[in-house]
Amino acid sequence: MSTDLAILSIAASSQHTRSFATSSIEDAIRAPVASTTPRQAHPSTRPDLKDRQKLEWAVKKHLERMDDPFIIAQHVSRTLAKDRYDEALLLVQQASKTAQCVVSWNHLIDYQMKNQKLNAAVRLLNDMKKRGQHPDELTYTIIFRGCARSTYPKLAVAESVRLYKSMTKDARLKPNIIHLNAVLQACGRAGDLDAMFSLLDSLDDSKLKPDTHTYTAILQSLRASAEDPASTKTASQQLRKERVAQTIERCKSLWEEVMRNWRKGDLVIDEHLVCAMGRVLLLDKSTRSQDILALAAETMNLPRFDKDSNAKPHDAVDPTAPSPKSSSKRTAAYAAPGKNTLSLLITILTDARLTRAGTRYWHHILDTYAVKPDAKLWEQMLRLLHLGRASADAASLRTLR
């Protein structure tokens, strides 16, 4: 027993000799708070107040070693990665008294948006402004993109539209096309077409020009609205057909604008945009396979394997080449097909039971564009071959997997 007491005594004295300055700040934050009187604790000894005091002490020690906003932002990012939000927030608030810490504020807002806390993120934005910090383009990009992915779409579209409109009145910082596209995606996710077209109407008063992402967001939103189960559940079959027909005509009018700008070289198109239009056409069950195959041929320079067994791509520019503006007949680069395109083509070819054409498109896209099919694509292709009773082709495909 005496030996044990001696060891404890030596350990205690050794602990007292340890320098206070070398103690871990993280240990101070996590250290358990000793309780005073269990029955009636004085306000000054409440655990939450003591935790706050430890937090303030830790933040003060950190800031004594950091005065560069870049270093502070790195520390805030690491702190948030450990889910120590309160510490990061207090540190940024204190650092903002003497420096512009916009990047650190962006980290805080991003943390809240990723955790689906939109209201908390907006409060941070307001707090940031009150403390003399100036939000930049990335600040709003983080918020708008978070709104586009929000699990609360109605709230997200209301906040994103409000913030976007407030930016248009800000003399210091105007919205860019990235902001607009993200807000349009939020509108589409919420099914709020009125808000979406209200924003598009405001483009006439700004210097923003729609890009491929803008058109993609519009097409996807219109298609989602036509497919919305809530709006079609009580509608008659005739009314649903009329709604689909109206949506398709609306999208075709938009597509004419896309093609006009693309041919002039004023717009770069990509696979997402082409497939968005293709899937709009699929809304009509009577859509012919030729319509979608013609769309892919025109915008991606794909052969028409449904017409000619020896079909080859048209003479045109390299799909990866830049789009020079000239007086030539075609000045725009083609979009490069990928898994999305292949899935779209197989879908329409399966409905048309064009097995041979489907097989040729499969090999052409995989070989020419180095596309690696995923499990869903394999399933689609095998289903096409099964319906076409092409057992030999199916067996050869299985050996390639």
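Just so you know, we're using numbering that gives the first Met the number 0 here: the sequence shown kicks off at 0 and counts up by one.
The beta-carbon is built from N, C-alpha and C at its ideal position, and this holds for glycine as well.
Here the structure is a predicted model, which means the values were calculated and not measured.
1. Would you mind reading off the limits of the alpha helix (DSSP H) that contains Y110?
2. Between the beta-carbon of N339 and the beta-carbon of C250, is there less than 7 Å?
3. For K59 and L89, I'd like the C-alpha separation in whole angstroms.
4. Tell me which residue opens and which closes the alpha helix (DSSP H) that M166 is part of.
5. In whole angstroms, give me the CA-to-CA distance for G145 and K113.
6. If you reduce the DSSP assignment to three classes, tell me which class D85 lands in.
7. Do you know how far the Cα of S342 is from the Cα of T211?
8. Only counting runs of 4 or more residues, tell me where the alpha helix (DSSP H) segments fall wholly within the segment 275-303, in order along the chain.
9. Can you list the alpha helix (DSSP H) stretches of 4 or more residues lying completely in the segment 201-231, in chain order?
10. Would you mind reading off the limits of the alpha helix (DSSP H) that contains D47?
11. Leaving out five residues on either side along the sequence, give the residues of the same chain with a beta carbon under 6 Å from the beta carbon of M166.
12. Going by C-alpha distance, which of L221, L253 and R262 is nearest R242?
13. Mind checking H362: buried by the 16 CB within 10 Å criterion, or exposed?
14. Excluding the 5 residues flanking I176 on each side, which residues of the same chain have their C-beta closer than 6 Å to its C-beta?
15. Measure the alpha-carbon distance for L202 versus L48 and round it to whole angstroms.
16. Could you give the DSSP three-state label for D191: helix, strand or coil?
17. Reducing DSSP to helix, strand and coil, say where Q132 ends up.
18. Return the chain-ordered list of same chain residues with a C-beta closer than 8 Å to the C-beta of Q379, the five sequence neighbours on each side being excluded.
19. Between the Cα of N300 and the Cα atoms of L281, E270, V75 and T286, which residue gives the shortest distance?
So, to answer that:
1. It spans V101 to K113 - the alpha helix (DSSP H) in which Y110 sits, taken as one unbroken run.
2. Taking 7 Å as the Cβ cut-off, N339 and C250 do not qualify as a contacting pair.
3. Looking at the backbone, the Cα of K59 and that of L89 are separated by about 10 Å.
4. Annotation for M166: the continuous alpha helix (DSSP H) segment containing it runs P152 to T167.
5. Rounded to the nearest angstrom, the two C-alpha atoms are 7 Å apart.
6. DSSP places D85 within a helical segment (H, G or I) once states are collapsed to three.
7. S342 has its alpha-carbon roughly 20 Å from the corresponding atom of T211.
8. Listed in chain order, they are 288-299.
9. The segment 201-231 contains, as complete alpha helix (DSSP H) runs of 4+ residues, the segments 211-226 and 228-231 (chain order).
10. It spans P46 to R64 - the alpha helix (DSSP H) in which D47 sits, taken as one unbroken run.
11. Non-local C-beta neighbours of M166 in its own chain, meaning closer than 6 Å and more than five positions away in sequence, comprise P174, ordered along the chain.
12. Distances from the CA of R242 to each of L221, L253 and R262 were compared; the closest alpha carbon is that of L221.
13. Around the C-beta of H362, fewer than 16 other C-beta atoms lie within 10 Å, and the residue is accordingly described as exposed.
14. Answer for I176: L207 and D210, listed in chain order.
15. L202 and L48 have their alpha carbons spaced roughly 51 Å apart.
16. Of the three classes helix, strand and coil, the one that applies to D191 here is coil, per DSSP.
17. Looking at Q132 - three-state DSSP - the assignment turns out to be coil, as it is neither helix nor strand.
18. Listed in chain order, the non-local C-beta contacts of Q379 below 8 Å within the same chain comprise S342, I345, T346 and T349, local neighbours out to five positions each way being set aside.
19. Each of L281, E270, V75 and T286 was checked against the Cα of N300, and the nearest Cα belongs to E270.
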